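In this note's numbering, the protein residues as written are 19 to 110.
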């Protein structure tokens with residue numbers, strides 16, 4: 019986040035699309051996910067600590083549907099998404 023802040027012009031917008039926390043543990047091994055989604059409040063807090071301004075979460079009506087590695091499971095993993103918007107410091 020510090021590098022994002024450094025690279026953005028003052029007042030530039032930032033948008034992060036993230037997965038809601040979930041329990042699809044197979045995504046760690048199969049897709050290399052480090053986290054099984056992140057709490058929106060944690061993302062907001064991290065951006066504020068990094069110095070971003072006007073940080074807020076926007077719910078979106080969309081989801082991520084990864085393909086399961088087990089062909090016997092046909093039920094999709096529909097994972098909710100959310101959007102976090104912020105601005106680099108120095109907004110006019």
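The C-beta atom is built at its ideal place from N, Cα and C for all residues, glycine as well.
Quick caveat, the model's predicted, so the values are computed rather than measured.
Candidates 23, 21 and 39, of which the one nearest residue 95 by Cα: 39
Contact under 8 Å by Cβ, residue 76 with residue 55: no
CA-to-CA distance, residue 80 to residue 20, given in whole angstroms: 28 Å
Unbroken stretches of the beta strand (DSSP E), 3 residues or longer, contained in the segment 25-60: 31-37
Among 44, 67, 29 and 108, the one whose alpha carbon lies nearest that of residue 84: 44
Contact check, residue 82 vs residue 97, beta carbons under 8 Å: yes
Proximity of residue 29 and residue 109 at Cβ, strictly below 8 Å: yes
8 Å contact criterion, which residue 33 and residue 99 should meet: CB distance rounded: Rounded, the Cβ-Cβ distance is 12 Å, inconsistent with contact.
Beta-carbon proximity check, residue 106 vs residue 27, cutoff 8 Å: yes
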